[in-house]
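A.B. asks:
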Amino acid sequence: MQIDRLIQMIFLLLSHENITAKQLAEELCVSTRTIYRDINILSIAGVPITSQKEYRGGLSLLQGFSLDKSYFTQEEQSLLYRHCRF
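Numbered per the working numbering, the sequence shown spans residues 1165 to 1250.
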């Protein structure tokens, strides 16, 4: 389901300083094209994703971005963490 993947992507971005689209695609079992579509959706929703093209570049969240866990119940947080494989 797309919303699950979008949330997992945010958690993956939060747990990595930089991660490539290819790495995200492998982790989430989708194509890199799907990753770029999802990044566009997250950006439109206000999630500040940046990309670096240099050596050791990749995708990352703008420094200082955090996800307020109060949006999720304790049960939802537990389910999210079980589904995210970091």
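Yeah, the Cβ is synthetic: ideal placement off N, Cα and C, and Gly gets one too.
1) Label Gln1227 either buried or exposed according to how many other C-beta atoms from any shown protein chain fall within 10 Å of its C-beta, with 16 as the threshold for buried.
2) Tell me whether Leu1223 sits in a helix, a strand or coil according to DSSP, three-state version.
3) With Thr1214 as the anchor, note down where its alpha helix (DSSP H) starts and where it stops.
4) Just to confirm before moving on: does the CB-CB distance between Thr1198 and Lys1186 stay below 8 Å?
5) So the candidates are Arg1201, Ser1179, Tyr1219 and Leu1178; which of them puts its Cα closest to the Cα of Ala1189?
6) Determine the contact status of Ile1171 and Gly1222, defining contact as a CB-CB distance below 8 Å.
7) Quick one: using the 10 Å Cβ neighbour count with 16 as the cut-off for buried, is Phe1250 buried or exposed?
C.D. replies: Put simply:
1) Sequence index remark: in the sequence shown, residue 1227 carries index 63 (1-based). Classification of Gln1227: exposed, given that the 10 Å Cβ count is below 16.
2) By one-based count along the sequence shown, residue 1223 stands at place 59. Leu1223: strand per DSSP, three-state reduction.
3) Position 50 of the sequence shown, counted from the first residue, corresponds to residue 1214. It is not in any alpha helix (DSSP H) - Thr1214 instead sits in the beta strand (DSSP E) that spans Ile1213 to Gln1216.
4) Working through the sequence shown from its first residue, we reach residue 1198 at position 34. Working through the sequence shown from its first residue, we reach residue 1186 at position 22. It is not a contact, given that the beta carbons lie outside the stated cut-off.
5) Here residue 1189 refers to the residue found at position 25 when the sequence shown is read from its first residue. It is Arg1201 whose Cα lies nearest to the Cα of Ala1189.
6) Within the sequence shown, numbered from 1, the residue matching residue 1171 stands at position 7. Within the sequence shown, numbered from 1, the residue matching residue 1222 stands at position 58. For Ile1171 and Gly1222, no; Cβs fall outside 8 Å.
7) For this step, residue 1250 is matched to residue 86 along the sequence shown. The predicted position of Phe1250 is uncertain, since its pLDDT is 45 and thus under 50; no value can be drawn from it.
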